[in-house]
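Start counting the sequence shown at 1; every next residue gets the next number (the working numbering).
Note sheet for the following structure.
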Amino acid sequence: MTPALHRLTVLVVLMAVVAIVGVLLSTRAVNSLTEELQPAAAANQDVLLDLTALEGAVSNWARSADPAAVDEYDQLLARLPGDQREVRAFAEGDSALTLLVTQQENAIDAWVEQYAQPRVDAPGGPDSYQPRRYRTGQRLFADVLQAHQATAAAFGDRVRQASADAAWRLRGTIAAVALLALISWLVVSRSRARMLSQVSEPLVELERVVHLMVKDPSLRARADGPKELRSVIEALNALADAQARSLAVEAKIQASLRTLDTAKDDFVSNVSHELRTPLTTISGYLEVVAEEFDGVMSPRHERILEASRRNVARLKTLIDDLLTLSKAETRSTDLEAADLATLVRDAVTDVRITAAGRGIAVSFSMPEDPVPVLADRAMLGRAMLNLLSNAVKFSLDGGRVEVDLVVAARHVVVRVRDHGIGIPAGELERLGTRFFRASNAVTNEIAGTGLGIRIVQTIVDKHAGEMRIDSEEGRGTTVSVRLPLLGDPAALEPSGRPAWQPGVPVEGTTDEPVAAAVDEPTDQTADETTGQQAADAMGERARN
Numbered sequence: 001m002t003p004a005l006h007r008l009t010v011l012v013v014l015m016a017v018v019a020i021v022g023v024l025l026s027t028r029a030v031n032s033l034t035e036e037l038q039p040a041a042a043a044n045q046d047v048l049l050d051l052t053a054l055e056g057a058v059s060n061w062a063r064s065a066d067p068a069a070v071d072e073y074d075q076l077l078a079r080l081p082g083d084q085r086e087v088r089a090f091a092e093g094d095s096a097l098t099l100l101v102t103q104q105e106n107a108i109d110a111w112v113e114q115y116a117q118p119r120v121d122a123p124g125g126p127d128s129y130q131p132r133r134y135r136t137g138q139r140l141f142a143d144v145l146q147a148h149q150a151t152a153a154a155f156g157d158r159v160r161q162a163s164a165d166a167a168w169r170l171r172g173t174i175a176a177v178a179l180l181a182l183i184s185w186l187v188v189s190r191s192r193a194r195m196l197s198q199v200s201e202p203l204v205e206l207e208r209v210v211h212l213m214v215k216d217p218s219l220r221a222r223a224d225g226p227k228e229l230r231s232v233i234e235a236l237n238a239l240a241d242a243q244a245r246s247l248a249v250e251a252k253i254q255a256s257l258r259t260l261d262t263a264k265d266d267f268v269s270n271v272s273h274e275l276r277t278p279l280t281t282i283s284g285y286l287e288v289v290a291e292e293f294d295g296v297m298s299p300r301h302e303r304i305l306e307a308s309r310r311n312v313a314r315l316k317t318l319i320d321d322l323l324t325l326s327k328a329e330t331r332s333t334d335l336e337a338a339d340l341a342t343l344v345r346d347a348v349t350d351v352r353i354t355a356a357g358r359g360i361a362v363s364f365s366m367p368e369d370p371v372p373v374l375a376d377r378a379m380l381g382r383a384m385l386n387l388l389s390n391a392v393k394f395s396l397d398g399g400r401v402e403v404d405l406v407v408a409a410r411h412v413v414v415r416v417r418d419h420g421i422g423i424p425a426g427e428l429e430r431l432g433t434r435f436f437r438a439s440n441a442v443t444n445e446i447a448g449t450g451l452g453i454r455i456v457q458t459i460v461d462k463h464a465g466e467m468r469i470d471s472e473e474g475r476g477t478t479v480s481v482r483l484p485l486l487g488d489p490a491a492l493e494p495s496g497r498p499a500w501q502p503g504v505p506v507e508g509t510t511d512e513p514v515a516a517a518v519d520e521p522t523d524q525t526a527d528e529t530t531g532q533q534a535a536d537a538m539g540e541r542a543r544n
């Protein structure tokens, strides 16, 4: 290798390193701008929007004494601290910005404590106007706006500085690459004509593309020249491609997440407001009709009324399942010490009526000692109820459901086994998908929403547990839920209920224990079939 070629190789490699380092530094600066500074500035702007809305709610209360204004005020006041925390989190480590944020928070607290909260607590309406109080509120809110303006200006300065830093790094990278390209050209110009033709032209083209990439990131350098130079150009192009793909994927993911969040929120809102309220009204009207025309309707009209009530109940159950799933996926769990045996026992008690109506026996075995777990009792109880209700629903008439509670060293397993229709092997992996129902359940016209297993999976995941489903079509299904044990059983609060006898089965037949259970109130909401059958059983007992 000639000295000129050696120097050229060194310069090209150095140019590639400078380009890569410069691009990485520029990318880091841009990420700091887009992922930290701009979200923090947006959060600070959200604080102003919250305050403006709060001031509007207070003014609305003062003018009209509308209770809705107080509700809006309370909701906005509850949301304000979250935006303030995000702003303060970014300001940590920056003494000047921290001081401005503190002054802004103090001004907000002064306005809320000295004017907004007392004004909302006081009577509203036109007759409640007090000029002195009004002037005080205007002065305090002006202080808030002034403090926010100073904070926003500080954020703006930092955003501009970050943008300038990113631009400086990018310009430095371009300048360094251009300088190295120029030096390479000088080296090549002193070598032979062949070296000049093989190296200088690709370098000039690379320099041109690097300059143009600032305005058009889609441009790429053409891989010409010696092998070593082609490798450098390909590396630079690959780096540019990787950066472009990363930015595109990030933008696509963000857009998809926003779309999904919006769709989910819109869907739940539509279900809640457009379906639940009218269904409740229809259900109420049906109850009024049933009471007012009791004993005077013909059998045909009674059947029509009963079918209407049953279908309204099915729709309400679907809505309840959707809302339950949404809450399970979005809300945080309120964990406390709980006795898992008590939760499972309550679920067994709730499904006995439905099981008895179809001649299905339900057995339950558990250890003598309490089974302590850290759980959200309402959510975990709902999961146990869903499992048992599904086992009863998919069992054959006269069949049997077995519930076992097995305690190991550090975990407990709840195992629910039925001997019903089972699940086709090819469909096991799809269980837990929203609205998915096994083909044999659809063929046998077994009612359901396809959300029960999804709800159970979500709740079990929130409790750091695992769920496993083993099934054989035509033979039955076994669902096992594994949860971590809580170390100290003494942490359990006494339930006030009689001790559960371990190993004593709870039979879903027409013996005395089940008959007594019919008189007990239940909270069966796992699915529409179970709820309706329980209501039919209690109604039949009342008529007899």
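Quick reminder that beta carbons are idealized off the backbone N, C-alpha and C, glycines included.
All figures in this text were calculated on a predicted structure; none of them were measured in a lab.
Helix, strand or coil at residue i according to DSSP, with G and I counted as helix
i, result
"Ile469", "strand"
"Ala162", "helix"
"Phe364", "strand"
"Pro372", "strand"
"Gly93", "coil"
"Ser395", "coil"
"Ala122", "coil"
"Phe436", "coil"
"Leu428", "helix"
"Ile446", "coil"
"Leu385", "helix"
"Gln114", "helix"
"Val504", "Its pLDDT being 37, under 50, Val504 is placed unreliably in this model, and the value from its coordinates should be taken loosely. If DSSP states are grouped into helix, strand and coil, Val504 belongs with coil."
"Asp224", "coil"
"Asp216", "coil"
"Gly359", "coil"
"Asp519", "Low local confidence applies: a pLDDT of 32 at Asp519 is under 50, so the model's placement there is unreliable, and no value is given."
"Gly172", "helix"
"Tyr129", "coil"
"Gly422", "coil"
"Ser256", "helix"
Residue i burial status per 10 Å Cβ neighbour count (16 or more: buried)
i, result
"Arg135", "exposed"
"Gly137", "buried"
"Glu274", "exposed"
"Pro202", "buried"
"Trp111", "buried"
"Leu260", "exposed"
"Arg169", "buried"
"Leu76", "buried"
"Asn324", "Reading off the sequence, residue 324 comes out as Thr, not Asn. So Thr324 counts as buried."
"Ala181", "buried"
"Asn386", "buried"
"Ile353", "buried"
"Ile108", "buried"
"Lys227", "exposed"
"Gln254", "exposed"
"Gly156", "exposed"
"Asp320", "buried"
"Ala244", "exposed"
"Asn106", "exposed"
"Thr277", "exposed"
N-terminal and C-terminal residue of the beta strand (DSSP E) that residue i is part of
i, result
"Gly56", "That residue, Gly56, is in no beta strand (DSSP E); its alpha helix (DSSP H) goes Gln38 to Ser64."
"Pro484", "Gly476 to Pro484"
"Glu402", "Arg400 to Val407"
"Val549", "Look at the range of the chain in this structure, 1 to 544, and you will see that residue 549 is not part of it."
Residue i - containing alpha helix (DSSP H), residue span
i, result
"Glu201", "Glu201 to Met213"
"Ser283", "Thr277 to Glu292"
"Gln457", "Gly452 to Lys462"
Per DSSP, the bridge partner or partners of residue i
i, result
"Glu336", "Ala375"
Checklist entry - Below 8 angstroms, can you find three or more Cβ-Cβ pairs linking the segment 419–439 to the segment 471–480? => result yes
Next on the checklist: When you compare the segment 312–329 with the segment 343–362, are there three or more beta-carbon pairs, one atom per stretch, that lie closer than 8 angstroms?
Outcome noted: no
Item to check | Any 3 or more C-beta pairs closer than 8 angstroms across the segment 280–293 and the segment 303–310 | outcome: yes
Checklist entry - Quick check: the segment 170–179 against the segment 143–156, are there 3 or more CB pairs under 8 angstroms? => result no
Checklist entry - How do the segment 84–102 and the segment 39–46 stand: do at least 3 beta-carbon pairs fall below 8 angstroms, yes or no? => result yes
Item to check | Inter-stretch contact at 8 angstroms, needing at least 3 Cβ pairs: the segment 117–129 / the segment 152–170 | outcome: no
Next on the checklist: Three or more C-beta pairs under 8 angstroms: does that hold for the segment 382–399 against the segment 447–461?
Outcome noted: yes
Item to check | contact_flag[the segment 358–373, the segment 397–410] where n(CB pairs < 8 angstroms) is 3 or more | outcome: yes
Checklist entry - Taking one C-beta from the segment 202–218 and one from the segment 228–239 each time, how about it: are there three or more such pairs within less than 8 angstroms? => result yes
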